[in-house]
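All letters in the sequence shown, in the order written, are residues 21 to 333 by our numbering. Everything on this sheet refers to the single structure shown next.
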Amino acid sequence: MSIFEKFSGFNLRRVVILFGITILISFSFSIVTIAQDDEFDQNELSQTSPSQEDPVMLFNKGQEAHSKGNLEEALKLYDLALKAKADFPEAEYQRGIVLMTLDDPQRSETAFRNAAGLKPDWPLPRFQLGLLYLRSARYSEAEDLLEEAIQLDTTNYPAYSALSEVLIKSGAPASKLENLLVRLQTGVDLANAPVGIWISKASIERRLGNYESARLSALKALEISKNDPAALSELIEAYLAKAENKKALEAAHDLMLIDPRSRPGKMLLARAYYLNDNANEAINVLRSIEKPDKDVSALLEIIRSNGNVSVES
21 MSIFEKFSGF
31 NLRRVVILFG
41 ITILISFSFS
51 IVTIAQDDEF
61 DQNELSQTSP
71 SQEDPVMLFN
81 KGQEAHSKGN
91 LEEALKLYDL
101 ALKAKADFPE
111 AEYQRGIVLM
121 TLDDPQRSET
131 AFRNAAGLKP
141 DWPLPRFQLG
151 LLYLRSARYS
161 EAEDLLEEAI
171 QLDTTNYPAY
181 SALSEVLIKS
191 GAPASKLENL
201 LVRLQTGVDL
211 ANAPVGIWIS
221 KASIERRLGN
231 YESARLSALK
241 ALEISKNDPA
251 ALSELIEAYL
261 AKAENKKALE
271 AAHDLMLIDP
281 RSRPGKMLLA
291 RAYYLNDNAN
301 EAINVLRSIE
311 KPDKDVSALL
321 EIIRSNGNVS
331 VES
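So, in structure tokens, the structure goes:
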């Protein structure tokens, strides 16, 4: 690992993006699940006493409120559905999604665990639990749950991407990264894989020192999504690792066009400037970062200590 590799900044952003996308996917999936799952017996759920409201009706009202962004109302309706029918995994799951969005991880965890317990062969609650643990740096638990989610559904591409994040962030041994890479290469339909799989593949390959493979995977990701910042970030990292510093600088400028205020983007641009023997410009870029954190300060100190910096800097 180079002195700069620790400053790669798009991993966290990728988790945030993944979190948002998978909540949307999960919400859409559950809407069709309620209608299509053979195990979901609406007749059974409708057999309530005259004093009880229909749990399916309450759930559907919750879905409507949820889709409109009325989260508190949706949560209330999911709670009422569960009061009418305790063993209602879809309502537990959607309750967990709402609570996760409301940044209530403890109650969200309980809801997802309840959903998983009520429906053991359903991968989505395990995936969301894994994602929840990834966000809170509970890597061992996240890894186990994401593996379970993949075993239940080998086409769960977001779970593969989240698992790659877990292994990278937890500093997993190379053997685990190699194992996941083999699974991505042989067990996933790469021809139809989404951009996130190619980004994950590039990230793993780069950590394993396969920089040319990482470059090719990042380029494939950019073919799928031309302006994806995480894909472009991986391409820049691959260029820097291969000492193709001019190409890295060009790509870093492209990245800044996508999001001019991005802190991770500016960190990459500063590294690229420095490795192109322009320490002064690297420092100017770092100084432009609003509310710099300890990583920005550390990179600034490295450049000042090792670079040919003018007095004005």
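Note that CB positions come from ideal geometry on N, CA and C, so glycine has one too.
Chain B within 7 Å of Lys-139, Cβ atoms only: Of the protein chains in this structure there is only one, and it is not chain B.
Best match in Leu-200, Gly-89, Arg-133, Pro-145 for proximity to Thr-121 [C-alpha to C-alpha]: Gly-89
Span of the alpha helix (DSSP H), counted from its first residue to its last, around Thr-130: 125–138
Cα-Cα separation between Ser-233 and Gly-191, rounded to whole angstroms: Using only the alpha carbons, I get a separation of about 21 Å.
His-86 classed as buried or exposed, judged by whether at least 16 other C-beta atoms fall within 10 angstroms: buried
First through last residue of the alpha helix (DSSP H) which encompasses Phe-108: That residue, Phe-108, is in no alpha helix (DSSP H); it is neither H nor E in DSSP.
Length-filtered (4 minimum) alpha helix (DSSP H) runs lying within the region 233–286: 249–261, 265–278
Straight-line gap, Leu-119 to Lys-96 (C-alpha atoms, nearest Å): 11 Å
Pairwise C-alpha distance: Ser-160 and Ala-241: 28 Å
Cut-off 6 Å between Cβ atoms - residues of its own chain near Pro-145, not counting five sequence neighbours on either side: Tyr-113, Phe-132, Ala-135, Ala-136
Euclidean distance between Cα positions of Pro-75 and Tyr-98: 9 Å
With 16 other Cβ atoms within 10 Å as the buried cut-off, status of Gly-207: exposed
Short Cβ contact (7 Å threshold) for Ala-169 with Pro-143: yes
Backbone secondary structure at Lys-311 - three-state DSSP: Coil.
Meets three-Cβ-pair contact criterion under 8 Å: the region 216–234 and the region 257–273: yes
Among Arg-155, Phe-108, Ala-157, Gly-116, the one whose alpha carbon lies nearest that of Lys-139: Phe-108
Distance between Ser-282 and Met-276 (C-alpha atoms, nearest Å): 7 Å
6 Å Cβ shell around Gly-216 - same chain, five flanking residues per side excluded: Ser-181
Glu-73 - DSSP class collapsed to helix/strand/coil: Looking at Glu-73 - three-state DSSP - the assignment turns out to be coil, as it is neither helix nor strand.
Buried or exposed by the 16-neighbour rule on C-beta atoms within 10 Å, applied to Ser-48: Note that Ser-48 has pLDDT 45, beneath the 50 cutoff, so the model's placement of it is unreliable and the number below is only indicative. Per the 10 Å Cβ criterion, exposed.
Alpha carbon of Glu-342 to alpha carbon of Asn-80, nearest angstrom: Because the chain in this structure spans residues 21 to 333, residue 342 falls outside the shown range and cannot be described.
Coil, strand or helix - Val-208 by DSSP: coil
Bounding residues of the alpha helix (DSSP H) (the contiguous stretch that carries Arg-227): 215–227
Nearest-angstrom Cα separation, counted from Arg-115 out to Asp-124: 11 Å
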